[in-house]
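Quick note: to get the numbering used here, add 371 to the position in the sequence shown (first position is 1).
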Amino acid sequence: NAITLAESTLGGATETLQTLRELVVKANDGILNSTNRASIAQEMRGLRDQLFAHANRSDTNGMPLFSGLGSAAPPFTDPATGVVFNGIAGQRAGTDVSLPGAMDGHAIFMDTTTGNGTFNVGLGGANTGTVWSAPGQVVSPGALTGDSYTVTFTVSATVPPAITYDVLDTTTALPVPPAARPYVDGQEIGFDGLSFVAHGVPKNGDTVVITPSTQTDVFEVIDRAIAAIDGASGNNVMTQATNLALVEFDASMDRVQSARGQAGDWLNRGDRISDSQNSRSIQLQADRSKAEDLDMVKGISDFQKFQTGYQAALQSYAQVQRLSLFNFIN
372 NAITLAESTL GGATETLQTL RELVVKANDG ILNSTNRASI AQEMRGLRDQ LFAHANRSDT
432 NGMPLFSGLG SAAPPFTDPA TGVVFNGIAG QRAGTDVSLP GAMDGHAIFM DTTTGNGTFN
492 VGLGGANTGT VWSAPGQVVS PGALTGDSYT VTFTVSATVP PAITYDVLDT TTALPVPPAA
552 RPYVDGQEIG FDGLSFVAHG VPKNGDTVVI TPSTQTDVFE VIDRAIAAID GASGNNVMTQ
612 ATNLALVEFD ASMDRVQSAR GQAGDWLNRG DRISDSQNSR SIQLQADRSK AEDLDMVKGI
672 SDFQKFQTGY QAALQSYAQV QRLSLFNFIN
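The following block contains the structure:
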């Protein structure tokens, strides 16, 4: 019953995340003003609270569904610094005759990554142009370094201005050749096994920052998306934030849906356990019947036969017992 409730709860969590994703797409509509986006952000806060309630849901005995190996206390708390998992990460294994009573909430809600899962693409805090970028992708895993980079745009004073960019590996403080690459709106920028597409018109000195992905949780993903929608300072900042949020929402939904699939597999295993136990029970009843059930007519006949034999044996023994050497002499 606990696994059934967990499976349905994860279905509700998936629907909540899907609704949040749709609101992020809606917020990126250029016709919306700040008031419209503030309304969307408020709706997202309500959905975020709903998802938090899903994560802390208990079964009919009051035991949390997503405490992992933890205790009966609520596994998630929500201080101002961000959601904290208070359970014990991990998952009890099922056996041939049992199922775990709780799922690993840490793996479901707390164990996701920022950006595209390998690196993050962000805008420099001092940018004044309209440049923004897609989340990017890995094009050559073997060439990845795991370093951080800064892509700096240079705009010439010529008419029309020429825009170029340089890449600096900020981990090693070394430039990534070639220098002064020409920038084209919508054209792929690639180096060291990764690539992303930049859009818009940068101002001189604007930057795009590349950093390795880090661990995050689904609630932080939602909080950052809400903050971006409610307080974006420009359309390019909004577009950058919402594109990143969509990628992270998709990764979070994948984890929730994977956990729901695991719960479904456990329910199927539970059905197989029940069928196996029912078959075993029938077999045991048959074995017991063979051992205990009695044909009364045959039983009485056998009893009388054994009783006659027993009495004859007793009488024969009594006669033999009275024999002595004197009986044979006489």
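Glycine residues also receive a C-beta, built at the ideal position from the N, C-alpha and C atoms. Just so we're clear, the structure is a prediction, and the values are computed from it rather than from any experiment.
Please check if any C-beta of chain D sits within less than 8 Å of the C-beta of residue i.
i           : result
residue 587 : Checking the listed chains, one finds no chain D in this structure; it contains a single protein chain.
According to the Cβ coordinates, are residue i and residue j closer than 8 Å?
i           : j           : result
residue 503 : residue 610 : yes
residue 590 : residue 428 : no
residue 588 : residue 523 : no
residue 487 : residue 513 : no
residue 480 : residue 424 : no
residue 620 : residue 388 : yes
residue 494 : residue 608 : yes
residue 462 : residue 449 : no
residue 543 : residue 518 : yes
residue 392 : residue 617 : yes
residue 550 : residue 378 : no
residue 584 : residue 489 : yes
When DSSP builds the beta bridges, which residues end up paired with residue i?
i           : result
residue 523 : 537, 578
residue 583 : 490
residue 456 : 447
residue 475 : 438
residue 552 : 536
residue 562 : 565
residue 546 : 539
residue 637 : Answer is none; residue 637 lacks a bridge partner.
How long is the line joining the alpha carbons of residue i and residue j, rounded to whole angstroms?
i           : j           : result
residue 520 : residue 505 : 16 Å
residue 554 : residue 444 : 55 Å
residue 446 : residue 606 : 38 Å
residue 576 : residue 499 : 9 Å
residue 623 : residue 556 : 30 Å
residue 375 : residue 628 : 15 Å
residue 501 : residue 491 : 19 Å
residue 671 : residue 677 : 10 Å
residue 625 : residue 430 : 24 Å
Excluding the 5 residues flanking residue i on each side, which residues of the same chain have their C-beta closer than 7 Å to its C-beta?
i           : result
residue 510 : 561, 564, 565, 566
residue 412 : 597, 600, 601
residue 472 : 373, 434
residue 470 : 374, 637, 640, 641
Between which residues of its own chain and residue i is the CB-CB distance below 6 Å, once the five residues before and five after are set aside?
i           : result
residue 536 : 522, 524, 552, 554
residue 441 : 458, 459
residue 559 : 566, 568
residue 358 : In this structure the chain extends from 372 to 701, so residue 358 is not present and cannot be described.
residue 612 : 599
Starting from the C-beta of residue i, find all residues in its chain whose C-beta is less than 8 Å away, skip the five residues before and the five after it, and write them out in chain order.
i           : result
residue 396 : 613, 617
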